[in-house]
Each structure stands twice: as C-alpha cells, then as structure tokens.
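Numbering (our numbering), first residue to last: 33 to 256.
Cβ atoms here follow ideal geometry from the backbone N, Cα and C, with glycine treated the same way.
What follows is a set of notes on a single structure, which appears directly below.
Shown next, in the form of structure tokens:
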C-alpha cells in the first residue's frame, strides 16, 4: 500500500508542479484576504480572539480550494475508472490524496503565516512559534483527512464546487474551534499558552477518529 500511495502522491505533485493550479490559488486567496482585513478593518494589529478567528477562517476557506481540486485530474482525464479497475488497495488512494492536501496546506502556510504576521499581527510571534507550529500541524492533518474524504465523496457529482463546502465545513467545525482556542492566547502580548495541551489533545483525538473512519469507509465511497 505504501508504494502505491507514494506513486499516486508523486503523480499528483508532478501535476501540481506542472499546472500550478492549487497551491498558488490557495496562497493568493489567503494573502488577499489578509490584505482585505488589513485595510477593511483599518487596523495594523489584531489580538486574541479576533486574531485567531481571522487566521483560521481564512486558512479553512483556502483549504476548500485545495479540496475542490484534489480529484480533478482523475475526473477530467478518466483516471477514476483506472483507479477503480486497478488491482490496488484503495486505501492507498486516500493516503496519497490526504498527503497531497497536507503538503499543499503546509506550503500555503509557509507563506501565509509570515504575511499574516506582517499585515495583522501586533505581538512578536517568534516566542510562540513552536506552539503555533504544533497547532498548525495537528489542524492540517485533520483538514487533510476530512478533505480527502469529502473530495472522494463529491468527485462524481455535478455540483462538486457546492457539495464540497456544504459537507466539509460542518465536519471541520471542531478543528476550527480547537485551533482558534489554542491559538488565541498565543496572539496576546503575554503569549500565555495555558490550556494549550488540552486543545492539542482534542485536535489529536479528532485526527485519530477521522483517520480510522476514513480508512473504514473510503472503499465504499469510491464504489458509490
């Protein structure tokens, strides 16, 4: 399964490098939203709940763009039929797609977090960077797992661009709440991270539950 997943992942990354359809669009969307907030709120700095909310809502909406494009190459070029007929473990397809989305999110955030800090964040983020990276990593895993699951469910629907957000957003509400709550104290001048461990545990539990759920139902989603 690992070898098959790596082959599919390598194919997806090669297509992305050649077409540049997902990561640039997600990055441009994220930075543009931060610029709009910068001028729309007429503020150079945000703190606490507002800072965390702006960051995570923007990252979540950017993730939807990546989820919508996750199975596009298979759908447009007839690759889904080949995957269904191939004598492979279909869980490998899920692993590859989730890994691709995870890499997209990490690449976007490598640009988005510095841009956010420059445009909207008042306190110095350097001291809280290790904690923020832990929150980002766990939240990204959850978004990638659920995103790959939803993308597989919506791949053959005509209204894919509508179905994906309608299914994805309710499922990732726990990620948004936990990530924003964990990030909020990091965006205060004191950078007090009390309670961070509890929110990280919730994110880790969410990731584990949806990984097991996705592995259990992914074959059936592809069949349908």
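| Query | Result |
| --- | --- |
| Local Cβ density within 10 Å of residue 89, reported as buried at 16 or more and exposed below that | exposed |
| Secondary structure of residue 153, DSSP reduced to three states | strand |
| For residue 73, three-class secondary structure by DSSP | coil |
| Three-state secondary structure assigned by DSSP to residue 78 | strand |
| Coil, strand or helix - residue 102 by DSSP | coil |
| Residue 227 - DSSP class collapsed to helix/strand/coil | coil |
| Integer Cβ distance of residue 40 from residue 142, believed to fall under 8 Å | Contact flag wrong, Cβ pair sits at about 24 Å. |
| Neighbourhood of residue 171 by C-beta, 7 Å cutoff - its chain only, sequence neighbours within 5 removed | 207, 211 and 235 |
| Distance CB(residue 147)-CB(residue 55) smaller than 8 Å | no |
| Where residue 35 falls: helix, strand or coil (DSSP) | helix |
| Under 8 Å between C-beta atoms of residue 98 and residue 136 | yes |
| Where residue 204 falls: helix, strand or coil (DSSP) | coil |
| Among 248, 151, 167 and 230, nearest to residue 69 - alpha-carbon criterion | 151 |
| Proximal residues to residue 37 (C-beta, below 6 Å), its chain only, five neighbours per side dropped | 124, 127 and 128 |
| Limits of the unbroken alpha helix (DSSP H) element including residue 162 | 161-186 |
| Buried or exposed by the 16-neighbour rule on C-beta atoms within 10 Å, applied to residue 66 | buried |
| Residue 51, buried or exposed, once every other Cβ within 10 Å from all chains shown has been counted against 16 | exposed |
| Counted within 10 angstroms of its Cβ, other Cβ atoms place residue 198 as buried (16 or more) or exposed | exposed |
| Per-residue burial, residue 238 [other beta carbons within 10 Å of its own, 16 or more giving buried] | buried |
| Residue 214 and residue 228 closer than 8 Å at C-beta | yes |
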